[in-house]
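Novice: Using our numbering, the letters of the sequence shown correspond one by one to residues 368 to 658. All residues carry an ideal CB built from backbone N, CA and C; glycine is no exception. Quick one: the structure is below, questions incoming.
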Amino acid sequence: MHPYFIEDMAFDYTIKYKSNNTYENPVFEAYWQFMIIPENNVSQKLVFSDFKTSVNARIEKSINGYNFQTARIHCKQPFGDIQFEAEFKLTKEEINPFQFTSNLEPSQEFEAINSLNFKIEHESYLTPTELTKLPSKHLDLYKFDPSISILDNLVALNKWTYLYIYFKAGVTHIGSLLDEIIEHRHGVCQDFSHLFIAIARQNNIPARYVSGYLHQGDGFFGDSQMHAWVEAYIPEVGWVGFDPANDILADHNHIKVSHGKDYNDCSPIKGVIYSTGKNETQHSVEVTYEQ
């Protein structure tokens, strides 16, 4: 039994993803990549996966550079609208996210993260990206306390981020930079995650962006669409999930699809469309479970 798991407690999840796309003028050819398939890991097992479109298009499954599944679609025939539907079934173990121990004192943890070997090993998740770079005037926005453990620091950062940003849809977009987020203090789950990641990396903690699904019905922010949270690396413990949009640690409510340096590595959908005029896209996610 994995140390995070609660014995004999598991959830059978069903996830239904739908996307409806309409175009002002005909689309003559299109390419899409979807990254919406839950991964198999130590806490979740994918048992069923189905993906289909409303037009005659070839669907190919592949693995991206981070070893996550993608569905690639190439549509060669003209269309004015297209629907995508996916259904996944998986078993998710109930997790106690605090059920781990570290034998290191806080001073030893901070010595470890400041060592050259540690920085080289985790370089890809320590280096800021365009979406996770703190503006120079905000480099001291949040500082870690070296007298307490790294876990306690990250829990405190999780709460601080939750309180600093007000969850509000429609005020930011996928390319919003932290300067805008910090100044206006409004955003959605990806903005909470990018700010958490930026501050963690600024304090020498490796952090990566996570995309997935969130258990619906418990009043969590971000449960109506695909959700975003963070995994941070703690010496002698490993990667631990934090959800700053909800001020909780990631547990059985969080169904992981992928991770990367920021949103751009985990975008649920990317595409190239050969058409002109406006288009409209509607997405919906339904997550249900049986215990």
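(1) Using the beta-carbon count (16 or more within 10 Å), is N392 buried or exposed?
(2) For T499, which of helix, strand or coil comes out of DSSP?
(3) For the structure I just gave you, are there three or more beta carbon pairs, one from the segment 395-402 and one from the segment 622-641, closer than 8 Å?
(4) My understanding is that L506 touches Q569, with C-beta atoms under 8 Å, so please give their C-beta distance in whole angstroms.
(5) Which stretch, first to last residue, makes up the beta strand (DSSP E) that contains Q436?
(6) Between the Cα of Y390 and those of N407, K412 and F446, spot the shortest distance and give me the residue it belongs to.
(7) How should A567 be labelled, buried or exposed, when 16 other C-beta atoms within 10 angstroms of its C-beta is the threshold for buried?
(8) Given that a residue counts as buried once 16 or more other Cβ atoms are within 10 Å of its Cβ, and exposed if not, what is M593?
(9) Could you name the residues of the same chain whose beta carbon sits closer than 7 Å to that of Y509, not counting the 5 residues immediately before and after it, in chain order?
(10) Out of F477, S560, A536 and G432, state which residue places its alpha-carbon closest to the alpha-carbon of D629.
(11) Are the segment 435-444 and the segment 416-425 touching, with three or more C-beta to C-beta distances below 8 Å?
(12) Spell out the partners DSSP gives I615 in its beta bridges.
(13) Using 8 Å as the threshold, is the C-beta distance between N571 and N423 below it?
(14) Assuming F511 and C556 form a contact by the criterion Cβ under 8 Å, report the distance between their Cβ atoms to the nearest whole angstrom.
(15) For E488, count the other beta carbons within 10 Å of its own beta carbon; 16 or more makes it buried, fewer makes it exposed. Which is it?
Specialist: From the atom records:
(1) In the assembly as shown, N392 is an exposed residue. Its beta-carbon has fewer than 16 other beta-carbons within 10 Å.
(2) The answer is helix: DSSP assigns T499 an H, G or I state.
(3) They touch, by the three-pair rule.
(4) Confirmed, about 7 Å.
(5) According to the DSSP assignment, Q436 belongs to the beta strand (DSSP E) that extends over Q436 to C442.
(6) The candidate whose alpha carbon is nearest that of Y390 is F446.
(7) It counts as buried.
(8) With at least 16 other beta carbons inside 10 angstroms of its own, M593 counts as buried.
(9) Excluding its 5 nearest sequence neighbours in each direction, Y509 has C-beta neighbours in its own chain below 7 Å: L524, W527 and I566, listed in chain order.
(10) The candidate whose alpha carbon is nearest that of D629 is S560.
(11) Result yes; three or more Cβ-Cβ pairs closer than 8 Å.
(12) I615 is bridged to D610.
(13) The answer is no: Cβ separation not under 8 Å.
(14) For a cut-off of 8 Å, the C-beta gap from F511 to C556 is around 23 Å, too long to register as a contact.
(15) Here E488 is exposed. Its C-beta has fewer than 16 other C-beta atoms within 10 Å.
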